[in-house]
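Written out below as structure tokens is the structure these notes cover.
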């Protein structure tokens, strides 16, 4: 049975959305095409009608995951216009976000994997990181050069804290890592 162009386009978006979540949970190499397509409710044969390769899908899924993360930051900031950076810090460095494997930060979930991928996947991560830096930079007062440096320190601290909090078994240590990062980030913005 032939699939209409509209349905094919919807199927492609479904696969990208599912891959975005499953890659964050299992890594780029942690899931095969068969299971990925099963998660999207499609057959493995349908994959090659939608994508040139798994790397092609990884590029699209990375872009989607990073856009989603950026949107969550914007939503948190918009909900607290009096302290948008505080809202982002509170959301990002929370126990709830730490536990989000499929919907959490793709930089944390896939950063090490992305470093081993091709230039197209890395380009999507670079664009996503720059978008995060731009969001943080808008919340920081100061000259462009100073605020850019602070934004980099904030993003690196937050990503590192969530990464470390996810790799330890001790929930108290995990929370202490998040809390210490939040305190340091607030200190950077106050300076």
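In our numbering, the protein residues as written are 1 to 191.
Glycine included, every Cβ here is placed at the ideal spot set by N, Cα and C.
**Study point:** Supposed close pair residue 25, residue 101 - CB separation, criterion 8 Å
**Key:** Rounded, the Cβ-Cβ distance is 5 Å, consistent with contact.
Point to revise | CB of residue 85 within 9 Å of CB of residue 79, strictly | key: Taking 9 Å as the Cβ cut-off, residue 85 and residue 79 do not qualify as a contacting pair.
Review point. Around the C-beta of residue 173, are 16 or more other C-beta atoms found within 10 angstroms, so that it is buried, or is it exposed?
Key: By the 10 Å Cβ count, residue 173 comes out exposed.
Review point. For residue 137, which residues from the same chain have a beta carbon less than 7 Å from its beta carbon, with the 5 sequence-adjacent residues on both sides left out?
Key: For residue 137, where only same-chain residues beyond five positions count, the Cβ hits under 7 Å are 147, 148 and 151.
**Study point:** residue 124 versus residue 28: straight-line alpha-carbon distance, rounded
**Key:** Those two C-alpha atoms are separated by around 14 Å.
Point to revise | Alpha-carbon spacing of residue 188 relative to residue 180, whole angstroms | key: In this structure, the alpha-carbon of residue 188 lies about 12 Å from that of residue 180.
Check your understanding: Using the beta-carbon count (16 or more within 10 Å), is residue 21 buried or exposed?
Key -> Result: buried.
Practice item. Would you kindly work out how many angstroms separate the C-alpha atoms of residue 44 and residue 4, rounded to a whole number? Key: Looking at the two C-alpha atoms, the distance is approximately 18 Å.
Review point. Are residue 17 and residue 46 closer than 9 Å when you measure CB to CB?
Key: Going by C-beta atoms, residue 17 is not nearer than 9 Å to residue 46.
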